[in-house]
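Okay, so here's the structure we're looking at.
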Amino acid sequence: MPKMDLTVNGTTHAIEADPDMPLLYALRDDLGLNNPHFGCGLAQCGACTVWLDGQPTRSCITPLSAVGNAKITTLAGLGTPEKPHPIQAAYVEEQVPQCGYCINGWLMTAAAFLRDKKKPTEAEIKEALTGLKCRCGTHISILKAVKRAAEMMG
Amino acid sequence: MTKHESKISFTRRAALLGGGALVVSIGAPMTLDRVLEIGQAHAQGAKPPLTPDQLSSYLAVNADGTISAYFGKMDMGHGLHVAIGQIVAEELDAPFKAVKVIMGDTASSVNQGGASGSTGVQFGGKQMRVAAAEARRVLVDMAARHLAMPADQLLVKDGVVSAKGDTAKRVPYAELVGGRYFNVQLDWNKQYGNPLYAPGKAQPKKPSEHTVVGQPIKREDVAPKVFAQQDFVTDIKVPGMMHGRMIRPAVAGATPVKVDESSIKDIPGAKVVWDKGFLGVVADKEWNAIKAAQQLKVAWSQTQAPFPDQTKLFEHIRNAPVRKRAVEQQNGNVDEAFKNAAKVIEAEYEWPFQSHASMGPACALVEIKDGQITCWSGTQKSHFVQQGLAATLNVPAESVRVIWTPGPGSYGRNDADDAAMDAAVLAKAVGRPVRVQYMRDQGTGWDPKGPASIHKARAALDASGKLIGYEFVSKAFSRVDVDTNGSKPYDTLAGQTLGVALKSGDGFGTPAESYAIDNKRLSWETIPPLLDRASPLRTSHLRDPVGPQIHFASESFIDEVAAAVNVDPIAFRLRHATDPRDIAVIKAAAEKANWQTRPSPRRDQSGSKLSGRGIAYAQRSGTRVAVIAEVDVDRSSGKIWARKFTVAHDCGQIINPDGLVKCVEGNIVQGVSRTLWEEVTFDRNTVTSIDWISYPILDITETPAKVNVVLINHPEIAPSGAGEPSIRPVAAAIGNAIFDATGVRIRRVPFSPERVKEALSS
Numbered sequence: 000m001p002k003m004d005l006t007v008n009g010t011t012h013a014i015e016a017d018p019d020m021p022l023l024y025a026l027r028d029d030l031g032l033n034n035p036h037f038g039c040g041l042a043q044c045g046a047c048t049v050w051l052d053g054q055p056t057r058s059c060i061t062p063l064s065a066v067g068n069a070k071i072t073t074l075a076g077l078g079t080p081e082k083p084h085p086i087q088a089a090y091v092e093e094q095v096p097q098c099g100y101c102i103n104g105w106l107m108t109a110a111a112f113l114r115d116k117k118k119p120t121e122a123e124i125k126e127a128l129t130g131l132k133c134r135c136g137t138h139i140s141i142l143k144a145v146k147r148a149a150e151m152m153g
Numbered sequence: 000m001t002k003h004e005s006k007i008s009f010t011r012r013a014a015l016l017g018g019g020a021l022v023v024s025i026g027a028p029m030t031l032d033r034v035l036e037i038g039q040a041h042a043q044g045a046k047p048p049l050t051p052d053q054l055s056s057y058l059a060v061n062a063d064g065t066i067s068a069y070f071g072k073m074d075m076g077h078g079l080h081v082a083i084g085q086i087v088a089e090e091l092d093a094p095f096k097a098v099k100v101i102m103g104d105t106a107s108s109v110n111q112g113g114a115s116g117s118t119g120v121q122f123g124g125k126q127m128r129v130a131a132a133e134a135r136r137v138l139v140d141m142a143a144r145h146l147a148m149p150a151d152q153l154l155v156k157d158g159v160v161s162a163k164g165d166t167a168k169r170v171p172y173a174e175l176v177g178g179r180y181f182n183v184q185l186d187w188n189k190q191y192g193n194p195l196y197a198p199g200k201a202q203p204k205k206p207s208e209h210t211v212v213g214q215p216i217k218r219e220d221v222a223p224k225v226f227a228q229q230d231f232v233t234d235i236k237v238p239g240m241m242h243g244r245m246i247r248p249a250v251a252g253a254t255p256v257k258v259d260e261s262s263i264k265d266i267p268g269a270k271v272v273w274d275k276g277f278l279g280v281v282a283d284k285e286w287n288a289i290k291a292a293q294q295l296k297v298a299w300s301q302t303q304a305p306f307p308d309q310t311k312l313f314e315h316i317r318n319a320p321v322r323k324r325a326v327e328q329q330n331g332n333v334d335e336a337f338k339n340a341a342k343v344i345e346a347e348y349e350w351p352f353q354s355h356a357s358m359g360p361a362c363a364l365v366e367i368k369d370g371q372i373t374c375w376s377g378t379q380k381s382h383f384v385q386q387g388l389a390a391t392l393n394v395p396a397e398s399v400r401v402i403w404t405p406g407p408g409s410y411g412r413n414d415a416d417d418a419a420m421d422a423a424v425l426a427k428a429v430g431r432p433v434r435v436q437y438m439r440d441q442g443t444g445w446d447p448k449g450p451a452s453i454h455k456a457r458a459a460l461d462a463s464g465k466l467i468g469y470e471f472v473s474k475a476f477s478r479v480d481v482d483t484n485g486s487k488p489y490d491t492l493a494g495q496t497l498g499v500a501l502k503s504g505d506g507f508g509t510p511a512e513s514y515a516i517d518n519k520r521l522s523w524e525t526i527p528p529l530l531d532r533a534s535p536l537r538t539s540h541l542r543d544p545v546g547p548q549i550h551f552a553s554e555s556f557i558d559e560v561a562a563a564v565n566v567d568p569i570a571f572r573l574r575h576a577t578d579p580r581d582i583a584v585i586k587a588a589a590e591k592a593n594w595q596t597r598p599s600p601r602r603d604q605s606g607s608k609l610s611g612r613g614i615a616y617a618q619r620s621g622t623r624v625a626v627i628a629e630v631d632v633d634r635s636s637g638k639i640w641a642r643k644f645t646v647a648h649d650c651g652q653i654i655n656p657d658g659l660v661k662c663v664e665g666n667i668v669q670g671v672s673r674t675l676w677e678e679v680t681f682d683r684n685t686v687t688s689i690d691w692i693s694y695p696i697l698d699i700t701e702t703p704a705k706v707n708v709v710l711i712n713h714p715e716i717a718p719s720g721a722g723e724p725s726i727r728p729v730a731a732a733i734g735n736a737i738f739d740a741t742g743v744r745i746r747r748v749p750f751s752p753e754r755v756k757e758a759l760s761s
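From first to last, the protein sequence lines stand for chains A and B. Numbering follows numbering that gives the first Met the number 0, in which position 140 of the first sequence is assigned residue number 139; successive positions increment by one, without gaps. Numbering follows numbering that gives the first Met the number 0, in which position 346 of the second sequence is assigned residue number 345; successive positions increment by one, without gaps.
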């Protein structure tokens with residue numbers, strides 16, 4: 000089994016894995032990081048989203064062979080209760096969850112969008128988040144939280 | 000990585016069961032004799048049996064002063080545990096933050112029915128309320144003896160009992176009983192599940208005394224979710240665990256006749272588990288299990304294509320034999336009224352199969368160790384899964400523990416209980432713990448479906464236009480073709496594929512409203528399932544089980560009658576609704592939405608963009624909801640934007656208004672999704688809607704711009720449910736708004752762009 004290094008949230012881990020295996024399983028099963036979730040395995044829902052060099056990426060269809068030396072950021076790397084990312088703080092403030100299984104995808108996608116786009120309009124926010132799925136129907140709170148985070152990020 | 004060991008319930012119980020002795024700290028003024036004397040009355044070190052007639056089955060005061068509330072229901076995302084914590088804190092006069100609600104672990108809670116029928120507060124909260132009230136009574140009694148004062152001279156604040164007028168005389172709950180179990184008998188009604196009720200001698204507080212109930216307390220479990228600190232069932236791991244995947248036939252009903260194990264021999268550790276129709280694979284690594292499931296060569300039995308052509312679905316329902324018929328409401332002489340009618344209006348409505356399509360496919364982990372079975376499951380009903388596992392593995396239920404762990408979304412009887420049974424069969428076969436997570440195509444393709452239905456309504460009007468007769472009949476697949484829980488093997492895919500004799504149940508429902516019509520009949524008919532074994536179109540409960548389809552039809556039809564007599568839709572409803580709380584929600588919604596009284600349709604618009612408004616209302620197990628939808632219709636594309644909703648909601652006493660608003664918002668948005676987009680597709684062989692492309696749901700770009708929720712609080716009326724009622728009128732409100740905008744009535748859900756465009760052009 001080929002060996003490779005994965006740099007996740009600033010720490011480098013050595014793993015042995017099938018290069019065809021999607022990154023999601025390396026993160027969840029080999030490294031025990033539960034932040035990205037399996038939702039579809041088809042890049043249709045976003046629950047597995049992580050950043051590769053800052054870019055939101057669907058880890059469920061990204062083979063390890065395509066990761067290379069990219070620095071991986073997961074939800075745990077976005078912020079902590081002590082130093083939350085604004086989108087995390089806004090999610091708590093707006094009390095977004097129903098079941099919470101989809102949260103990872105929305106946060107990782109919204110955080111990258113808000114980093115690159117200051118003072119977005121509502122239409123721009125919706126466009127940036129289109130395609131992500133939430134089955135419980137928390138969309139109204141999600142939009143409130145992203146707008147709140149956008150304001151916090153100036 | 001045994002992450003579950005950090006769970007409060009696990010460690011606490013383990014410590015207590017292990018020690019089995021007093022863990023209460025004995026304060027200086029108390030002698031050991033004194034502690035034992037009090038303890039013999041109300042508390043003891045050894046745990047009483049976990050039965051519904053014991054106070055200890057619901058509540059414990061821990062040595063650190065925190066209070067554990069053991070709840071036999073669980074939260075599916077609405078924040079139910081907050082409401083339960085409020086109820087317990089209220090009755091105990093304890094700080095809200097001191098109360099930890101531990102949900103759905105069969106080792107620490109009794110069977111209160113699980114997440115079921117929006118009864119978390121209605122029945123679950125009712126029981127926790129009386130248990131907490133009794134605990135307070137007992138604690139005050141103990142404090143009276145401890146302080147040598149009469150009980151009526153004591154007050155309780157923040158979990159501390161003190162003398163009225165002399166707060167120096169005080170004793171905290173923890174000092175009285177902390178760390179030991181209550182030894183108090185309750186008056187149990189001998190029922191399990193939702194009806195379970197076991198009060199003590201104490202009366203709960205009057206609503207006017209409430210200070211915690213009714214407050215908008217926030218959820219503490221949001222932060223762990225957004226900081227990736229909370230485990231879902233998908234995250235649980237135990238030592239030696241294998242990963243399992245199931246293999247389903249391409250033609251529903253087919254069974255494996257030949258399985259070529261050599262086809263996966265290049266995959267490390269991959270093994271086949273095959274018994275009759277049950278076929279799965281396991282491997283040490285998850286990715287290897289996935290690959291093995293894809294790669295395994297299987298020859299399947301030749302079987303007749305089980306399903307009709309999808310275009311013939313409603314024709315099939317119309318022509319199918321009726322298996323059970325029930326008239327649920329009848330008054331007057333309906334047939335006579337129609338004979339005498341000056342005018343008869345008739346319409347028929349159709350609702351497709353819909354999928355739970357939970358955010359992630361179901362997952363469960365089963366460990367069999369030293370004769371003990373432990374299952375981690377996202378099920379809505381862990382106590383029933385305990386029974387199902389016992390039956391499937393042929394062991395006593397006492398040997399099985401099911402630890403409910405939040406799953407990837409649940410809106411009824413989804414695929415969670417099937418996953419638990421599949422994991423158990425695999426774990427038994429390979430002698431190691433097995434974690435099963437279905438793949439997306441199985442989650443959407445093979446979950447139990449919300450039943451497809453047709454609904455016929457007719458109204459008899461006299462010469463003056465008065466509604467003198469009304470008949471409504473649904474003909475549908477059963478809501479309980481497979482039951483609402485996995486307690487019986489014949490209701491699960493594992494049981495069905497292993498050949499357990501089947502027992503398809505019958506049930507549907509009728510409109511829940513208070514329209515007084517002299518001659519009225521509401522009834523339903525169920526038809527047999529399309530395939531009697533391991534069917535991807537087996538039907539069961541999907542949020543508000545049959546409410547959305549029934550009320551889509553009944554509340555669309557009332558609108559049709561109102562339009563036929565040229566009366567405003569709200570005025571027409573108010574002419575017939577008789578229940579004062581029904582009338583109040585309709586009026587509250589109308590007022591908040593600034594409803595302009597006029598008949599529908601509006602007929603004053605031209606061009607390709609039209610807008611309209613529509614109302615629908617319904618009752619549900621004591622709750623009343625009126626929904627006004629304001630929609631935009633793009634006539635050229637057929638696309639609907641359900642732009643604004645006004646919801647008036649009355650569920651009696653409100654426990655947590657902010658939580659309730661969130662709960663309603665989720666119902667509305669999911670209701671829009673199901674109305675505009677959702678339809679299970681299938682061919683002659685199997686279900687073909689198997690992912691988010693083939694089973695689309697509402698996208699963020701289609702989110703309503705505004706959902707205004709008017710909460711009507713009745714502190715004096717015992718709370719009814721909120722988890723489902725507000726999805727019930729959504730489809731009809733949207734359909735009525737489309738009619739208002741366009742003058743076209745669409746009688747089949749979903750209102751997809753193609754269907755709307757076609758309807759508008761014909």
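Glycine residues also receive a C-beta, built at the ideal position from the N, C-alpha and C atoms. No experiment lies behind these values; they were computed from the predicted model shown.
In this chain, the alpha helix (DSSP H) harbouring residue 105(A) covers 102-115.
Each of 256(B), 266(B), 287(B) was checked against the Cα of residue 273(B), and the nearest Cα belongs to 256(B). Proximity to residue 484(B) across 392(B), 498(B), 538(B), 379(B) peaks at 379(B), based on C-alpha coordinates. When the five nearest sequence neighbours on each side are left out, the beta carbons in the same chain lying within less than 6 Å of the beta carbon of residue 562(B) are those of 599, in order along the chain. Excluding five sequence positions before and after residue 740(B), the CB atoms of its chain that fall closer than 6 Å to its own CB belong to 609, 610, 611, 632, given in chain order. Chain order gives no chain A residues near residue 148(B), where near means a beta carbon separation below 9 Å; the closest approach is about 43 Å. Put simply, the CB of residue 226(B) is near chain A, with a gap under 8 Å to one of its CB atoms. Using a Cβ-Cβ cut-off of 8 Å, residue 402(B) does not count as an interface residue toward chain A, since no Cβ of chain A sits closer than that to its own. Looking from the CA of residue 234(B), the closest CA among 710(B), 139(B), 433(B), 570(B) belongs to 433(B). Only residues of its own chain outside the window of five on either side were considered, and among them 510, 615, 617, 727, 728, 731 have a CB closer than 7 Å to the CB of residue 550(B), listed in chain order.
When C-beta distances to chain A are compared with 9 Å, every residue of the stretch 634-656 of chain B stays at or above that value. Within chain A, the residues 136 have their CB atoms less than 8 Å from the CB of residue 672(B), given in chain order. For residue 117(B), same chain residues with a beta-carbon under 6 Å away, outside a window of 5 residues either side, are 720, 722, 723 in chain order. Below 8 Å, enough C-beta pairs join the stretch 259-278 of chain B and the stretch 290-305 of chain B to call them touching: three or more. Taking all protein chains in view, the Cβ of residue 60(B) is crowded by 16 or more other Cβ atoms within 10 Å, so the residue is classified as buried. When C-alpha distances from residue 218(B) are compared across 662(B), 754(B), 622(B), the shortest belongs to 662(B). A direct Cα-Cα distance of roughly 8 Å separates residue 461(B) from residue 339(B).
Put simply, the backbone Cα of residue 167(B) is about 24 Å away from that of residue 178(B).
Those residues of the stretch 56-83 of chain A placed with their C-beta closer than 8 Å to a C-beta in chain B are 73, 74, 75, 78, 79, 80, 83, ordered along the chain. Residue 110(A) is outside the set of residues whose beta carbon lies under 8 Å from a beta carbon in chain B. Taking a C-beta distance under 8 Å as the contact criterion, residue 520(B) and residue 329(B) qualify as a contact pair.
Taken in chain order, the members of the stretch 272-298 of chain B whose beta-carbon sits within less than 7 Å of a beta-carbon on chain A are 284, 285, 286. DSSP places residue 350(B) within a strand segment (E or B) once states are collapsed to three. Within the stretch 222-302 of chain B, the complete beta strand (DSSP E) runs of at least 3 residues fall at 241-245, 255-259, 270-274, 277-282, 296-299.
Assigned with DSSP and collapsed to three states, residue 648(B) falls in strand. Under the three-state reduction of DSSP, residue 481(B) is assigned to coil, being neither helix nor strand.
Taking all protein chains in view, the Cβ of residue 565(B) is surrounded by fewer than 16 other Cβ atoms within 10 Å, so the residue is classified as exposed.
In terms of beta-carbon proximity, residue 34(A) lines the interface with chain B, with at least one pair separated by less than 8 Å.
Going by beta carbons, residue 501(B) and residue 489(B) fall inside the 8 Å limit. Excluding sequence positions up to five before and after residue 382(B), its CB lies within less than 6 Å of the CB of 105, 110, all in the same chain and listed in chain order. At a C-beta separation below 8 Å, residue 547(B) has no neighbours in chain A, since its nearest C-beta there lies roughly 13 Å away.
For residue 663(B), the uninterrupted alpha helix (DSSP H) run begins and ends at 656-675, by DSSP. Within chain A, no C-beta atom comes less than 7 Å from the C-beta of residue 70(B); the nearest is roughly 17 Å away. The alpha-carbon separation between residue 311(B) and residue 570(B) amounts to approximately 38 Å. In the three-state reduction of the DSSP assignment, residue 179(B) falls in the coil class, being assigned neither a helical nor a strand state.
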